[in-house]
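Below is one structure; the comments refer to it alone.
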Amino acid sequence: MNLFVAKLSDATTSEDLNDLFAEYGEVVSAKVIMDRETGSSKRFGFVEMKEDDAAQKAIKDLNECLFDNSPIVVKKARPKGEGRERSFGGGNRNQGQRRY
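Position in the sequence shown counted from 1, then plus 169, gives you the numbering used here.
Below you can see the structure in the form of structure tokens.
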């Protein structure tokens, strides 16, 4: 099961995430997302756990707990492309303009 972890401390590393979730079961991967331009943490990450039961227990126990002096959020990750649709504005650029 893939988990979304948010509100991480700037100091939290992928290894820290791995160690935290490994207490609940086998971690397939753990990654803190970094900003490409600045190299600093975006303060969220993803953890993939092998067993769904272990992942559910981790969600229950770790959501809103204090980790690295930051109250983290842990929930099941939504598949890519699922969830809120993003609007980038723009629309029809000729809307409201007359063409001659």
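Even for Gly, the Cβ is constructed at its ideal location relative to N, Cα and C.
On a predicted model such as this, the values are computed, not experimentally measured, just so you know.
Nearest to Ser178 by alpha-carbon distance, out of Val243, Val242, Asp222 and Asp237, is Asp237. In the DSSP assignment, Ala175 falls within the unbroken beta strand (DSSP E) covering Asn171 to Ala175. Per DSSP, the unbroken alpha helix (DSSP H) holding Glu184 starts and ends at Ser183 to Ala191. Inter-segment contact for the stretch 224–237 and the stretch 197–207 is absent: fewer than three beta-carbon pairs are separated by less than 8 angstroms. Assigned with DSSP and collapsed to three states, Lys200 falls in strand.
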